[in-house]
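Q: Residue numbers (our numbering): 200 to 754.
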Ligand SMILES: [Zn+2]
């Protein structure tokens, strides 16, 4: 009789391939799946999985856990939502390669773009590495979750070109040096490269990747493709639909020239812009011309919160407000309260355009002061109309009464049309996963989209089958992104598995918590209905609790 380390009995096996689920056993031994369907041997541990779905562990292709992995090797709360592999290093930013004198710049880019505080970096990210392989060696020690890292184009440029990275195109010798770094990273286990057409740094200057010309991008992709795999991920210039479409065209050229897969994040459904459909049309046009270019989509409404005590992307378009937001707390309170500055702030808010125009739609959420309680649940526009005052005055008065800690919520505006979103998350040229988990942590919690897909689109509305949803989060992205051995329940594959109740799986409450190094805050949300999460054959999370196992790998 054969033996196994772990056996799941009588589960609904949804194997990640998209084919129909079936009832059976799954046995695990030596970190791998050793039997699927029927197992007549005995497991050291046996789990009765009747009434539960057993699927491959979910893959989150868009995260920014690069710093968090330095103190939290589980990338919490991802595993609580069934995620067993996270792709890091998105949006042109990675923590390596980095020279000693480039560390401050890398930190400030992460702080401005991803909302991870400098004081968190100072407290918990040691920067004992210089090269990309050295960074991977640092996080590999005691890793809990599987990590599949991208190397950031802005980091590479900064490393090779110094300050010139934000001034000009690269010279041929510099491109050659960058290609060598890419080859070294791929050899060490990188999944690909990330870049950005849109992000700005702490001085409102374009990030280094935005100064690259097409020949540089193609050269980097060709260097990456020598490894036999490779993804080129980008953030498009989303504020301008025409530029976003031009970005998609360029990705088509890159894909064809270098033979790589390109991924663009995010494609959102928005009431003000035909952006999503136009982007899909552009992706289809590139596909017809032989390119592999995919969008990234998320199932949730793109809700976010603004607190003047933290960071807010909604204020980047208002230089006067942004300047005060750059001041440390609690000194920032006095600047916002300064009567000499109020008129200019109010006037600037009155002209808010682009993303900042959404400020009028913000709803008052959690408040501290009793005087603010009457405002809870109302939008700033409603309050301004009923009091006959400007939005700027209203924001300042409410926030100042709470020492700037008022939570202003943007809800149900972006990606809120469930029918449109259902089409996007099922589209063959869109990959599931624009979560941004690990980033924007004082504005929203990106983790939990996997649970949301199962809860809302599968169980509650039936807009997607369980098999299709699981395929999207596992086998499909594993294949397209080059995570070849992950994403399937099949004999010989690494045992990354999730056991859950498909009828009760649910996203828990979103909580604002002070649990980041450097006394920093973040939003987190728990997943409900998950029984067990297995990574490389070991149970890492069971019945709501983490075990001692830390079996994660660079994959
Ligand atoms: Zn991102």
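In this text, a Cβ means the ideal position worked out from N, Cα and C, and glycines have one as well. Owing to the predicted nature of the structure, the values given are computational and were not obtained by experimental measurement.
Tell me whether residue 649 sits in a helix, a strand or coil according to DSSP, three-state version.
A: DSSP places residue 649 in helix when its eight states are reduced to three.
Q: Does residue 525 come within less than 8 Å of chain D when only Cβ atoms are used?
A: Here there is only one protein chain, and chain D is not present.
Q: Do the CB positions of residue 202 and residue 237 come within less than 8 Å of each other?
A: no
Q: Anything with a beta carbon under 5 Å from a heavy atom of ligand 1 counts; list them all in chain order.
A: 289, 290 and 635
Q: Among the residues of its own chain, which have a CB less than 8 Å from the CB of residue 705, if the five just before and after it don't count?
A: 650, 654, 726, 727 and 728
Q: The alpha helix (DSSP H) spanning residue 594 covers which residue range?
A: 590 to 600
Q: Is it true that the region 479 to 490 meets the region 684 to 703, where meeting means three or more beta-carbon pairs spaced less than 8 Å apart?
A: no
Q: I'd like the list of long-range same chain contacts for residue 597, defined as Cβ closer than 7 Å, with 5 residues on each side in sequence excluded.
A: 563, 571, 574 and 605
Q: Between which two residues does the alpha helix (DSSP H) holding residue 755 run?
A: Because the chain is modelled from 200 through 754, residue 755 falls outside the range shown and cannot be assessed.
Q: Report yes or no: do the region 486 to 496 and the region 623 to 635 share at least 3 C-beta pairs separated by less than 8 Å?
A: yes
Q: Pick helix, strand or coil for residue 268, following the three-state DSSP scheme.
A: helix
Q: If you follow the beta strand (DSSP E) that residue 498 is part of, which residue opens it and which one closes it?
A: Where residue 498 is concerned, there is no enclosing beta strand (DSSP E), given that its DSSP letter is neither H nor E.
Q: Sort out for me which residues DSSP pairs residue 463 with in a bridge.
A: 433 and 494
Q: For residue 244, which residues of its own chain have a beta-carbon under 6 Å away from its beta-carbon, when the five flanking residues on both sides are left out?
A: Within the same chain, and ignoring the five residues on either side of residue 244 in sequence, the residues whose Cβ sits closer than 6 Å to its Cβ are 205.
Q: The beta strand (DSSP E) with residue 450 in it runs from where to where?
A: Segment 440 to 457 is the alpha helix (DSSP H) holding residue 450; no beta strand (DSSP E) there.
Q: Using 8 Å as the threshold, is the C-beta distance between residue 666 and residue 217 below it?
A: yes
Q: Here's a check: name, in chain order, each residue in its chain whose Cβ is nearer than 6 Å to the Cβ of residue 547, leaving out the five neighbours to either side.
A: 517 and 519
Q: Measuring alpha carbon to alpha carbon, tell me which residue in 337, 514, 400 and 391 is nearest residue 305.
A: 400
Q: Rank 299, 363 and 640 by C-alpha distance to the C-alpha of residue 719 and give the top, closest one.
A: Relative to the Cα of residue 719, the nearest Cα in the group 299, 363 and 640 belongs to 640.
Q: Decide yes or no for the touch test of the region 400 to 410 against the region 258 to 268: beta carbon pairs closer than 8 Å, at least 3 of them.
A: no
Q: Just to confirm, are residue 559 and residue 544 a CB contact at a threshold of 8 Å?
A: The answer is no: Cβ separation not under 8 Å.
Q: Helix, strand or coil: which one does DSSP assign to residue 699?
A: Strand at residue 699.
Q: Measuring only the C-alpha atoms, how far is residue 648 from residue 498?
A: 6 Å
Q: If you draw a straight line from the alpha carbon of residue 507 to that of residue 677, how long is it in whole angstroms?
A: 39 Å
Q: Does DSSP classify residue 636 as helix, strand or coil?
A: strand
Q: Count the other CB atoms, across all protein chains shown, that sit within 10 Å of the CB of residue 402; report buried if there are 16 or more and exposed otherwise.
A: exposed
Q: What number of angstroms, rounded off, separates the C-alpha of residue 703 from the C-alpha of residue 254?
A: A straight-line Cα-Cα distance of about 16 Å links residue 703 and residue 254.
Q: Ends of the alpha helix (DSSP H) at residue 302?
A: 302 to 313
Q: At which residues does the alpha helix (DSSP H) containing residue 546 begin and terminate?
A: 538 to 549
Q: In terms of residues, what are the limits of the alpha helix (DSSP H) holding residue 671?
A: 665 to 672
Q: Should residue 226 be listed as close to ligand 2, given that the test is whether its C-beta is under 7 Å from any heavy atom?
A: Among the ligands present in this structure, namely ligand 1, ligand 2 is not found.
Q: Just how far apart, CA to CA, sit residue 600 and residue 541?
A: So the alpha carbons of these two residues sit roughly 15 Å apart.
Q: To the nearest whole angstrom, what separates the beta carbons of residue 753 and residue 388, a pair I think is in contact under 8 Å?
A: 4 Å
Q: Of the choices 460, 734, 663 and 250, whose alpha-carbon is the least far from that of residue 430?
A: Residue 430 has its Cα closest to that of 460, out of 460, 734, 663 and 250.
Q: Please look up how many angstroms separate the CB atoms of residue 696 and residue 256, rounded, as I've assumed it's under 8 Å.
A: Separation of the CB atoms of residue 696 and residue 256 is rounded to 6 Å, and the pair is thereby assigned contact status at 8 Å.
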